[in-house]
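To start, the structure under review is shown below, and the notes come after it.
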């Protein structure tokens, strides 16, 4: 049995979920290691190297602080050490290919100020809503600017945004956009057609450069209107250009 994914999701009303995806139904044991730590033991299992790093979800509003994989080669077992911000009610549910741990809302607030620093933790999160920051006044309300759908091979764009680090594997692109919105303090909106996953390891890069990279690899573009960034498919942007 192989572990195919370890994902952290935010759910409505402050609840959160850890989903462990396996190739077949797994034998497991869930125990309480100490006052803030749970141990999920998955027997007769293996995990690919790209999933062996810890997942840091401390910047989000859920009860989970971080998840650390522990490989026991001799026992052919993989353990997931789950550290919580506080011990909250939780329950586990299993399907043929998933183990789901649902956690109730925590009263511990995430370190919001840390989001604006240069480093961001690793986490997989599905946002439940579009960021709702109040539109701030800009020096001039410029007309909408359509970002070029296709860029030249040698990009000479100068990036000036606050620097950030992103380290994700198969993360929901909408979650990445939410993180960039928090760092940039911009309002980022997208429709149902914006979907997919992205894997990346970007260290200390400007947020606007990170956004360009994320959009390029997912065949997306953006329209900038003052403090609002609209994310759309490149085909939709071309259609808008043709209508003008």
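Numbering (the UniProt record's numbering), first residue to last: 1 to 244.
All residues carry an ideal CB built from backbone N, CA and C; glycine is no exception.
Alpha helix (DSSP H) segment containing residue 182, residue limits: 173–184
Pairwise C-alpha distance: residue 88 and residue 217: If you take the alpha carbons of residue 217 and residue 88, they lie about 38 Å apart.
Can the beta-carbon of residue 206 be found less than 8 Å from the beta-carbon of residue 163? yes
Apart from the five residues on each side of it in sequence, which residues of its chain come closer than 6 Å, Cβ to Cβ, to residue 202? 166, 210
How far does the alpha helix (DSSP H) with residue 194 in it extend, from its first residue to its last? No alpha helix (DSSP H) holds residue 194; DSSP gives it neither H nor E.
Answer with buried or exposed for residue 191, where buried requires no fewer than 16 other C-beta atoms within 10 angstroms of its C-beta. exposed
Give me the Cα-Cα distance between residue 52 and residue 86, rounded to the nearest whole angstrom. 24 Å
Alpha carbon to alpha carbon, what distance is there between residue 8 and residue 90? It is roughly 14 Å from the alpha-carbon of residue 90 to the alpha-carbon of residue 8.
Determine the burial state of residue 176: buried for a count of at least 16 other Cβ atoms within 10 Å of its Cβ, exposed for fewer. buried
Nearest to residue 21 by CA position, among 108, 106, 98, is which residue? For residue 21, the nearest C-alpha among the options comes from 98.
Which residues does DSSP pair with residue 81 in a beta bridge? 39, 68
Unbroken beta strand (DSSP E) run spanning residue 225, endpoints: Residue 225 -> beta strand (DSSP E) spans 220–225.
Would DSSP call residue 243 helix, strand or coil? It is helical.
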